[in-house]
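*Asks:*
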Amino acid sequence: MLDTSTFAHSSLAVRDNAVKNVIFKAAAILLQFFLTQVFAFIAFKWNDYTAFLMFSETLAQKAFFAISRSFNSRALLVLTFAVLAVAFGFYDTLLWALDSPGYITQRTTKPASSLASNLLQNPQYIISINNPSRHLEDMNVDEAITSNIFKPGFNFSLQAIENIGPRDTVLSPGNITETGARIWLDNEGFSVGLDQGFAVTIKYACPMIPLPDSLTSQAWKCTVNNTDALDTLLNRVGDVQVWWYGVNNTELIQVERKDNPWQSLGAGGGTAVMKQIFTITKGRRRHTFLETVLKITMITTSPPFEDSDVTDLIRRTWSPDPSQPIDNNTQAFVDMALQYEHSNKSLTFGVNLEEQNSVASSSIELLNVLNSASGDFDYTVLRIGSVNITLLRSEDIEDAPQPFIDCSVASTNIATGGQVQSSNCYKSFDPLQNKTFMGQVDTSSVLIFTNVIGDGTSSKSVASFNQTGYDWFKTREGRIDDLLTARGVLLGGNKDIVHVTVLQNVAAVSYLQIFLTVLPLALALFAWILTLLSPMSYYQHSLLAAVATTTHLTPSSERSGTCKKVSTLRNPPELTLVRLSDEHTVIQTADGGMVAHMGEQFLRQRALHPMDSPIAVHTPTKQEMQILMDPPFLQAI
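In this note's numbering, each number is its position in the sequence shown, counted from 1, plus 11.
Structure, rendered in structure tokens:
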């Protein structure tokens, strides 16, 4: 059974609005046909030929007819016809007015590679989602991540990559203490990992120590001089390090100062989340990674942090299950931080983990920053950091990247959003090395959340790390990762594995409109059968056909040899208006005859001599012919 709620809703595609217009216009024409035939039938039954002729006259003529007939039944018939004819003329407009909404959205899934012509020339690779109002329900993550990829007006949605592909890694050549936490990509030392200089400043370097019974995890814990606290705080959370060959050929992936907010937001204080898709290409081998960085900060000037705030923040960020009472390990971290705070000392502590396809880091920093001018205490920062880098895909590409510029030393191409922007030749990591092109680093897509999981300017744990905002983020993180990965691979990877659902609005009609379109067809068929079964003759044809038949201007074959039956004129006669004088104009036929008014004399002669009476086609007299051929007359007409 058809759902009544959808009966009036557009659901049947008709390809184009032009098709709809033809259908609706045809319905209006059929309804006009029904009206004309039915009223002609009524006039026929009433034997009112004048009323029938009035149906084809103008509205003004119909009005004069009604007035002259004192609005009798025949006049009302003509007026009713006039009103309905005007109303039925708007029938197609009525059908358009019933559009609800008049279109349907058709979905077609295509590989992104087939839509290259619709891509923006310079797609935006930075996505910033800010929530200053703290209204989480106002944020549309899907719309934000999929914006600024295709040209305006292109309606689409990105699909998650179902099978992103193989991940090729090799075993670590040594333990994590010797090499640091890395994802190893070949046997020549090509690898990607955590920033090995995060706990390092110009004045000190905190040593990494292996965790007991582990070759894939390491930790650091150092007391930082308060004079070095600011330098430590300025170390950016989440920097990625690349090793091209061995140990020395290494560099950090650049965070572009000109357009990437994480260049400043990742350092210092503040609470934010950053996710990015980046690719590293060496030769014809390209690897795609997903990085997630979480940075949470509490800051106070005076008095010091409340112990409860320090405890709550570390418990909710370091505990295996924050919903449960604090465990012993997490309590030990809390006690360590409180001890440093109470003694006015600065601390940096953290853990690095390495797995086959990912690396991770978690850190706690309690830093007493001094005023650079006076050397007095300025403020205290408690900064929690979390970094995860995961290899998503490894693949061979058709052509290896070429150097962006000719460089006399080792260099790397720097790309954003799939487009090479520069080279690091001017600050090569080894200026003494011979001319070598290492490869290409592409920061394909970056997503930054601010004012979502907390306020990094607060001294209170509940404000600096908003649990509601964090829960909102975690429940959507899978979807966020899927969309960001699809966007990043579309811009900087293999477009063939990214599928895009193209949304196209197609003209459509509802079942109600279909019913109201078929109804005139049924009515027209009824009217046609009604008139077909009745010998209406003169009431089915025009006044021209009637005049041509009654004056025998048509061949006898077209009128069955008599004037009783009118048919469609197969060869309409040529009629010309001729002015005989200033007050007399006649209709002249092609053979020189005239359709003339015979008046009472003609009617009397017709009654007395029915067989000999002249027909209404009048042959001009000699005097009339002279008038017709007179040059002034010819010029006048």
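Backbone N, C-alpha and C fix where the C-beta goes; we use that ideal spot for every residue, glycine too.
1. Please list the terminal residues of the continuous beta strand (DSSP E) segment that includes residue 216.
2. Does the Cβ-Cβ distance between residue 137 and residue 497 come in under 8 angstroms?
3. What distance in whole Å lies between the Cβ atoms of residue 369 and residue 194, which are believed to be in contact at a cut-off of 8 angstroms?
4. With burial defined as no fewer than 16 other Cβ atoms inside 10 Å of the residue's Cβ, what is the status of residue 252: buried or exposed?
5. Which of the three DSSP states is assigned to residue 157 in this structure?
6. Determine, using beta-carbon pairs with one atom in the segment 351-364 and one in the segment 225-235, whether at least three such pairs fall under 8 angstroms.
7. Drop a sphere of 10 angstroms on the beta-carbon of residue 544, count the other beta-carbons inside from all chains shown, and report buried for 16 or more, exposed for fewer.
8. Hey, would you say residue 299 sits closer than 8 angstroms to residue 500, going by beta carbons?
9. Under three-state DSSP, which class holds residue 547?
10. Out of 564, 382 and 589, which one is the CA nearest neighbour of residue 583?
11. Can we count residue 230 as close to the ligand MN, meaning its CB is less than 7 angstroms from some heavy atom?
12. So is residue 323 in contact with chain D if we call contact Cβ pairs under 8 angstroms?
13. My assumption, with CB atoms under 8 angstroms, is that residue 3 sits in contact with residue 229. Please give the rounded CB distance.
14. Measure from the alpha carbon of residue 143 to the alpha carbon of each residue in 465, 429 and 523, then state which is nearest.
15. Please identify the residue among 589, 525 and 540 whose C-alpha is closest to the C-alpha of residue 21.
16. Would you kindly check if the distance between the Cβ of residue 158 and the Cβ of residue 514 is under 8 angstroms?
17. Is residue 450 near residue 291, with beta carbons less than 8 angstroms apart?
18. On the criterion of 16 or more Cβ atoms from any shown chain inside 10 Å, does residue 213 qualify as buried, or is it exposed?
19. How many Å lie between residue 288 and residue 160 at the Cα?
20. Helix, strand or coil for residue 658? Go by DSSP, reduced to three states.
21. DSSP on residue 576, reduced to helix/strand/coil?
22. Taking the beta strand (DSSP E) that residue 253 belongs to, which residues open and close that run?
23. What does the alpha-carbon distance come out to for the pair residue 612 and residue 547?
24. Assign residue 2 to one of three DSSP states: helix, strand, or coil.
25. Mind reading off the beta-carbon distance from residue 309 to residue 475? Whole number of angstroms is fine, and I expect it under 8 angstroms.
26. Helix, strand or coil for residue 335, going by three-state DSSP, please let me know.
27. Please name the residue in 598, 145, 221 and 126 whose C-alpha comes closest to that of residue 478.
28. Taking C-beta to C-beta, are residue 606 and residue 529 nearer than 8 angstroms?
29. Please return the same chain residues whose Cβ sits closer than 7 angstroms to the Cβ of residue 623, not counting the five positions on each side in sequence.
30. Kindly identify the DSSP beta-bridge partner or partners of residue 395.
31. For residue 117, write down the residues that DSSP places opposite it in a beta bridge.
32. Determine the DSSP secondary structure at residue 422, reduced to helix, strand or coil.
33. Cα separation between residue 461 and residue 284?
34. Identify which residue in 556, 185 and 27 has its Cα closest to the Cα of residue 578.
35. Taking three-plus beta-carbon pairs below 8 angstroms as touching, is the segment 414-431 in contact with the segment 320-340?
36. Comparing C-alpha positions only, which one of 186, 589, 258 and 408 sits nearest to residue 5?
*Replies:* A quick look at the data gives this:
1. Taking the sequence shown and counting its residues from 1, one reaches residue 216 at position 205. Element bounds for residue 216: n/a, residue is neither H nor E.
2. Here the question's residue 137 lines up with position 126 in the sequence shown. Here the question's residue 497 lines up with position 486 in the sequence shown. Cβ atoms of residue 137 and residue 497: not closer than 8 angstroms.
3. By one-based count along the sequence shown, residue 194 stands at place 183. By one-based count along the sequence shown, residue 369 stands at place 358. Correct: roughly 7 angstroms between the Cβ atoms.
4. Your numbering for residue 252 matches position 241 in the sequence shown. Result: buried.
5. In the sequence shown, counting from the first residue as 1, residue 157 sits at position 146. Coil.
6. yes
7. For the purposes of this step, residue 544 is taken as the residue at position 533 of the sequence shown. Label assigned to residue 544: exposed.
8. Here residue 299 is taken as the residue at index 288 of the sequence shown, counted from 1. Here residue 500 is taken as the residue at index 489 of the sequence shown, counted from 1. Against a cut-off of 8 angstroms, the Cβ pair of residue 500 and residue 299 comes out as a contact.
9. As a working mapping, residue 547 is identified with position 536 in the sequence shown. Looking at residue 547 - three-state DSSP - the assignment turns out to be coil, as it is neither helix nor strand.
10. As a first step, residue 583 must be located in the sequence shown, where it is residue number 572. Among 564, 382 and 589, the Cα nearest to that of residue 583 is on 564.
11. For the structure depicted, the ligand MN is absent and the ligand set is empty, with no information on it obtainable.
12. In the structure shown, chain D cannot be found, because there is only a single protein chain.
13. With the chain covering 12 to 648 only, the question about residue 3 has no answer from this structure.
14. Here residue 143 refers to the residue found at position 132 of the sequence shown. The shortest Cα separation from residue 143 among 465, 429 and 523 belongs to 465.
15. For this step, residue 21 is matched to residue 10 along the sequence shown. Cα-wise, what sits closest to residue 21 is 525.
16. Here residue 514 corresponds to residue number 503 of the sequence shown, with the count starting at 1. Here residue 158 corresponds to residue number 147 of the sequence shown, with the count starting at 1. No. Outside cutoff.
17. Translated into the one-based positions of the sequence shown, residue 450 becomes position 439. Translated into the one-based positions of the sequence shown, residue 291 becomes position 280. Yes; because the gap between Cβ atoms is below 8 angstroms, this pair is in contact.
18. Translated into the one-based positions of the sequence shown, residue 213 becomes position 202. Its Cβ having fewer than 16 others within 10 Å, residue 213 is exposed.
19. The residue you call residue 288 lines up with position 277 of the sequence shown. The residue you call residue 160 lines up with position 149 of the sequence shown. Between residue 288 and residue 160, the C-alpha separation is close to 15 angstroms.
20. The first residue shown for the chain is 12 and the last is 648, placing residue 658 beyond what the model contains.
21. In the sequence shown, counting from the first residue as 1, residue 576 sits at position 565. Correct three-state label for residue 576: coil.
22. Translated into positions along the sequence shown, residue 253 becomes position 242. 251-256 is the span of the beta strand (DSSP E), which, as asked, contains residue 253.
23. For the purposes of this step, residue 612 is identified with residue 601 of the sequence shown, where counting begins at 1. For the purposes of this step, residue 547 is identified with residue 536 of the sequence shown, where counting begins at 1. Because the pLDDT of residue 612 is 48, which lies under 50, any placement of that residue in the model is unreliable, and the number read from its coordinates should be weighed accordingly. Spanning the two alpha carbons is a distance of roughly 30 angstroms.
24. Any answer about residue 2 is impossible in this case: the structure gives the chain only from 12 up to 648.
25. As a working mapping, residue 309 is identified with position 298 in the sequence shown. As a working mapping, residue 475 is identified with position 464 in the sequence shown. The Cβ separation is near 4 angstroms, so the contact holds.
26. Residue 335 sits at position 324 when you count from the first residue of the sequence shown. If DSSP states are grouped into helix, strand and coil, residue 335 belongs with coil.
27. Along the sequence shown, read from residue 1 onward, the residue named residue 478 stands at position 467. Nearest option by C-alpha distance: 145.
28. Position 595 of the sequence shown, counted from the first residue, corresponds to residue 606. Position 518 of the sequence shown, counted from the first residue, corresponds to residue 529. No. Outside cutoff.
29. Looking up residue 623 in the sequence shown gives position 612. With a pLDDT of only 48 at residue 623, under 50, the local geometry of the prediction cannot be trusted, and no value is derived from it.
30. Your numbering for residue 395 matches position 384 in the sequence shown. Bridge partners of residue 395: 307 and 375.
31. Reading the sequence shown from its first residue, position 106 is the one you call residue 117. In DSSP, residue 117 forms a bridge with 515.
32. Start at 1 with the first residue of the sequence shown, and residue 422 comes out as number 411. If DSSP states are grouped into helix, strand and coil, residue 422 belongs with the strands.
33. Taking the sequence shown and counting its residues from 1, the one referred to as residue 461 is at position 450. Taking the sequence shown and counting its residues from 1, the one referred to as residue 284 is at position 273. Roughly 7 angstroms separates the two Cα atoms.
34. For the purposes of this step, residue 578 is taken as residue 567 along the sequence shown, with counting starting at 1. The residue with the shortest Cα to Cα distance from residue 578 is 556.
35. no
36. With the chain running from 12 to 648 in the structure shown, residue 5 is simply not present.
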